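Student: Chains as they are written, first to last, in the working numbering: chain A, 1 to 110; chain B, 1 to 121.
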Amino acid sequence: DIVLTQSPALAVSLGQRATISCKTNQNVDYYGNSYMHWYQQKPGQQPKLLIFLASNLASGIPARFSGRGSGTDFTLTIDPVEADDTATYHCQQSRNLPYTFGAGTKLELK
Amino acid sequence: EVKLLESGGGLVQPGGSLRLSCAASGFTFADFYMSWIRQSPGKAPEWLNFIRNKANSYTTEYNPFVKGRFTISRDDTQNVLYLQMNTLRAEDTAIYYCAKHPYNSGYFDYWGQGVMVTVSS
Chain A
1 DIVLTQSPAL
11 AVSLGQRATI
21 SCKTNQNVDY
31 YGNSYMHWYQ
41 QKPGQQPKLL
51 IFLASNLASG
61 IPARFSGRGS
71 GTDFTLTIDP
81 VEADDTATYH
91 CQQSRNLPYT
101 FGAGTKLELK
Chain B
1 EVKLLESGGG
11 LVQPGGSLRL
21 SCAASGFTFA
31 DFYMSWIRQS
41 PGKAPEWLNF
51 IRNKANSYTT
61 EYNPFVKGRF
71 TISRDDTQNV
81 LYLQMNTLRA
91 EDTAIYYCAK
101 HPYNSGYFDY
111 WGQGVMVTVS
121 S
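(1) Given this structure, state the Cα-to-Cα distance separating residue 47/B from residue 1/B, to the nearest angstrom.
(2) Could you have a look at residue 27/B and say whether DSSP puts it in helix, strand or coil?
(3) Provide the residue(s) that pair with residue 61/A in DSSP beta bridges, ordered along the chain.
(4) Once DSSP output is grouped into helix, strand and coil, what is the label at residue 106/A?
(5) Given a threshold of 16 other Cβ atoms within 10 Å of its Cβ, counted over all protein chains shown, does residue 14/A qualify as buried or as exposed?
(6) Give every residue of the same chain whose Cβ lies closer than 6 Å to the Cβ of residue 75/A, excluding the five residues on either side of it in the sequence, and list them in chain order.
(7) Using 7 Å as the threshold, is the C-beta distance between residue 118/B and residue 18/B below it?
(8) At 9 Å on the CB atoms, spell out the chain B contacts of residue 102/A, in chain order.
(9) Given this structure, state the Cα-to-Cα distance separating residue 124/A from residue 83/A, to the nearest angstrom.
(10) Can you check whether the CB of residue 80/A is closer than 7 Å to the CB of residue 128/B?
(11) Of all the residues that make up the segment 87 to 98 of chain A, which are near chain B by a beta-carbon distance shorter than 7 Å?
(12) Could you tell me if residue 56/A is buried or exposed, where buried requires 16 or more neighbouring beta carbons within 10 angstroms of its beta carbon?
(13) Please report the distance separating the alpha-carbon of residue 92/A from that of residue 66/B.
(14) Which term fits residue 34/A, buried or exposed, when burial requires 16 or more other beta carbons within 10 angstroms of its beta carbon?
(15) Please list, in chain order, the residues of the segment 23 to 46 of chain A that have any C-beta partner in chain B closer than 7 Å.
(16) What number of angstroms, rounded off, separates the C-alpha of residue 105/A from the C-alpha of residue 89/A?
(17) Restricting to Cα atoms, I'd like to know which of 84/B, 70/B and 52/B is closest to residue 20/B.
(18) Straight-line CA distance for residue 50/A to residue 88/B?
(19) By the criterion of Cβ-Cβ separation under 8 Å, what are the contact partners of residue 82/B in chain A?
(20) Chain B partners of residue 52/A, CB-CB under 7 Å?
(21) Would you say residue 49/A lies against chain B (beta-carbon separation less than 7 Å)?
(22) On the DSSP letters alone, give me the boundaries of the beta strand (DSSP E) that residue 21/A sits inside.
(23) Which partner residues of residue 91/B appear in the DSSP bridge assignment?
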């Protein structure tokens with residue numbers, strides 16, 4: 001299985017930039033696409049798709065969210081951070097079955 | 001508006017069975033692949049399985065750790081997705097979500113609110 005590694009937590013100030021990383025133990029690129037996706041999950045809620053295929057913004061997601069990366073290293077950036085962004089952010093790969101998720105990075109405000 | 005509503009969860013004894021349902025609305029259910037995903041408190045989500053659409057012969061894929069115990073199925077006439085879970089273990093305790101794929105892609109654009117399954121004596 002492809003293992004996705006995320007830092008457990010990140011604290012940033014309102015209005016600043018948050019950069020959340022996800023590293024995989026195998027390349028998730030294939031024929032020009034990076035099969036990495038990002039979700040936001042607030043306590044007691046289901047995950048919500050933010051970014052698909054590494055850098056594509058999902059419908060209805062504000063442009064403050066962006067994603068980049070390829071191969072085994074990916075980042076989700078939130079700029080500027082707003083109070084409502086406090087949540088856990090999971091990455092997920094679909095390069096290989098079984099699909100796997102990262103354990104999540106909890107974004108907190110300083 | 002896309003809606004996914006899971007039901008059928010609850011408390012079950014180890015070794016028991018449970019069938020979850022996911023009622024879908026707001027989109028043409030028959031056209032889309034659907035998955036079940038679970039999450040234990042404080043843990044990463046775990047993808048369990050998915051079922052393709054009729055155009056792809058309703059074929060299924062499973063995470064190896066549930067293959068043989070869990071079965072995914074769908075009823076396109078009723079817009080319902082099912083998860084039959086047998087021989088349940090304490091470690092199957094989790095929130096179970098159904099999720100929609102955008103066509104044949106490997107990510108999930110909509111998730112249900114989830115249903116709790118507790119396996120305990």
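Where is the CB? At the ideal position from N, CA and C, for every residue including glycine. Please read all numbers here as calculations on a predicted model, not as lab measurements.
Tutor: So, from the listed chains and residues:
(1) Taking the first residue of the second sequence as position 1, residue 47/B is located at position 47. Taking the first residue of the second sequence as position 1, residue 1/B is located at position 1. Their backbone Cα atoms lie some 24 Å apart in a straight line.
(2) Here residue 27/B is taken as the residue at index 27 of the second sequence, counted from 1. Reduced to three states, the DSSP call for residue 27/B is coil.
(3) Locating residue 61/A in the first sequence gives position 61, counting from the first residue. In DSSP, residue 61/A forms no bridge with anything.
(4) As a position in the first sequence, residue 106/A is number 106, starting the count at 1. Here residue 106/A sits in strand by DSSP.
(5) Start at 1 with the first residue of the first sequence, and residue 14/A comes out as number 14. It is exposed - the Cβ of residue 14/A has fewer than 16 other Cβ atoms within 10 Å.
(6) Here residue 75/A is taken as the residue at index 75 of the first sequence, counted from 1. Closer than 6 Å at Cβ, skipping near neighbours: 19, 21, 68 and 69.
(7) As a first step, residue 118/B is located in the second sequence; it is residue number 118 there, counting from the start. As a first step, residue 18/B is located in the second sequence; it is residue number 18 there, counting from the start. No, they are not a contact pair.
(8) Counting from 1 along the first sequence, the entry for residue 102/A is found at position 102. Going along chain B in sequence order, the residues near residue 102/A (Cβ under 9 Å) are 44.
(9) The requested residue 124/A does not occur in the structure, where chain A is confined to residues 1 to 110.
(10) Residue numbering for chain B in the displayed model covers 1 to 121; residue 128/B lies beyond these limits and cannot be assessed.
(11) 90, 92, 94, 97 and 98
(12) Taking the first residue of the first sequence as 1, we reach residue 56/A at position 56. Residue 56/A comes out exposed.
(13) In the first sequence, counting from the first residue as 1, residue 92/A sits at position 92. In the second sequence, counting from the first residue as 1, residue 66/B sits at position 66. Near 19 Å, if we compare the C-alpha coordinates of residue 66/B and residue 92/A.
(14) For the purposes of this step, residue 34/A is taken as the residue at position 34 of the first sequence. Label assigned to residue 34/A: buried.
(15) Those would be 35, 37 and 46, in chain order.
(16) Residue numbering aside, residue 105/A sits at position 105 when the first sequence is read from its first letter. Residue numbering aside, residue 89/A sits at position 89 when the first sequence is read from its first letter. Those two C-alpha atoms are separated by around 5 Å.
(17) Position 20 of the second sequence holds residue 20/B. For residue 20/B, the nearest C-alpha among the options comes from 84/B.
(18) What you label residue 50/A is simply residue 50 of the first sequence in a count that begins at 1. What you label residue 88/B is simply residue 88 of the second sequence in a count that begins at 1. Those two C-alpha atoms are separated by around 33 Å.
(19) If you number the second sequence from 1, residue 82/B lands on position 82. What residue 82/B touches in chain A: nothing, since even the nearest Cβ is about 19 Å away.
(20) The sequence position of residue 52/A within the first sequence is 52, counting from 1. What residue 52/A touches in chain B: 107.
(21) As a position in the first sequence, residue 49/A is number 49, starting the count at 1. Yes, residue 49/A counts as interfacial toward chain B.
(22) Locating residue 21/A in the first sequence gives position 21, where the first residue counts as 1. Residues 18 to 24.
(23) Within the second sequence, the letter at position 91 stands for residue 91/B. Beta bridge pairing from DSSP links residue 91/B with no other residue.
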